[in-house]
Every structure is written in structure tokens, then in C-alpha cells.
Amino acid sequence: MKLIDAIPIHARVGLDTAPLIYWLESDRVYQPILVELFNSRFNVGLNTAITSVVSLAEVLVKPLSTGQTNLVTGHRTFLMTAKFLSLSALTPAIAEKGAELRARHGLRLPDAFQIAAALEDGASIFLTNDVGHRRVTEIPIVVLRDFLPPNP
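Numbered as in this note's numbering, the sequence shown ends at 153 without a single skipped number.
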């Protein structure tokens, strides 16, 4: 099964930071799994996505630490202007939902905020590469590594 088969057409997708980093930085392992989702769904309007400003902070860490200002600008611009993507602020409602998710499922706070933002913005599925998110029951969790080709 391919990733695109796990994501219904017209579903609003909550995006964790890892898939965004893999896409933005052309990760040799995970970008090939994401190509069809981004090119055949997101970029043509068949699916939309939501992530929180937590992703903005997280995608900028590596380029900032290595002084790659062109990547800082590129990543920021992508997250703030991609037509298919909503970048959610951390509102009081998201903070409270994040606290509930953290208490219920033992998530790290940034992860709880990501899922809370997705839920608050109407996502029906959440895409991550963190298998620990599977303990979340409020939204179906799709984990990228499940779509890796088998090792020869």
C-alpha cells in the first residue's frame, strides 16, 4: 500500500513537522513516499493540510544552527504561503486541547500542540513519523515509516 492510499481524497490532513522537513529538505528515504501526496493531492487542491507554528519553529532549527539563511527563508516562505497549508497559531483553545492530549496520552507538549491544532482546524487524519502518536485515539494516525519499501 502507498501513502496516498491511506489518505482519502478531500481529507484535511494534520501534518507533523517530520513530513514537512522530509519534503523541504528532499530526504532521500522519505521524500519519495511523500511525492504523490504533495504533487497529486496537495498541490492540485484535492487535499488540504494544517500544521501549527510549532512546525515553523522546528523546521528552522537546523538551517539556523548551520547558518543556511537561504533555507531559513525558503522554509519560512513555504510554510506561510503554500496554498494547501494552514499554519495555525497556538490559541488558548489549542493550548487546553494540547494539555488534555498530553495528560491522556503522555505526549511531549510540542506533539500535543500539533495534534490539538489539527483537531481544532478540522483535520480528519494526522500524518507523522512518530510511532508513539499511535496511542492517540482522537484522530487516525498515519505513520510514514509504515510505507517504506521492505529491505532486500
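All C-beta atoms, glycine included, are put in the ideal place defined by N, C-alpha and C.
Distances from the CA of A7 to each of A117, P141, P151 were compared; the closest alpha carbon is that of P141. Restricting attention to alpha helix (DSSP H) runs no shorter than 4 residues, the segment 22-57 encloses them at 32-38, ordered along the chain.
For V132, no alpha helix (DSSP H) segment is defined, and its DSSP state is neither H nor E.
Taking L110 as reference, the option from I5, M2, P9, D17 with the minimal CA-CA separation is D17. Straight across, the Cα-Cα distance linking R29 with S66 is about 21 Å. Inside the segment 74-141, DSSP marks whole alpha helix (DSSP H) runs of 4 or more residues at positions 93-106, 110-121, from first to last along the chain. Restricting attention to L86, L102, N71, L57, the CA atom closest to the CA of L47 is found in L86. Here the alpha carbons of L25 and T52 stand approximately 14 Å from one another. In the three-state scheme derived from DSSP, where H, G and I count as helix and E and B as strand, L16 is classed as strand.
Rounded to whole angstroms, the gap between the alpha carbons of L61 and H76 is 7 Å. A straight-line Cα-Cα distance of about 27 Å links I126 and N152. Excluding residues up to 5 positions away in sequence, L25 lie with their Cβ nearer than 7 Å to the Cβ of F79 in the same chain.
In this structure, D131 sits away from D147, with a CB-CB distance that is not shorter than 8 Å. Counting of Cβ neighbours within 10 angstroms places P93 among the exposed residues, the total staying below 16. Just so you know, the alpha carbons of F39 and V45 end up roughly 9 Å apart. Rounded to the nearest whole angstrom, the CA to CA distance from T70 to M2 is 38 Å.
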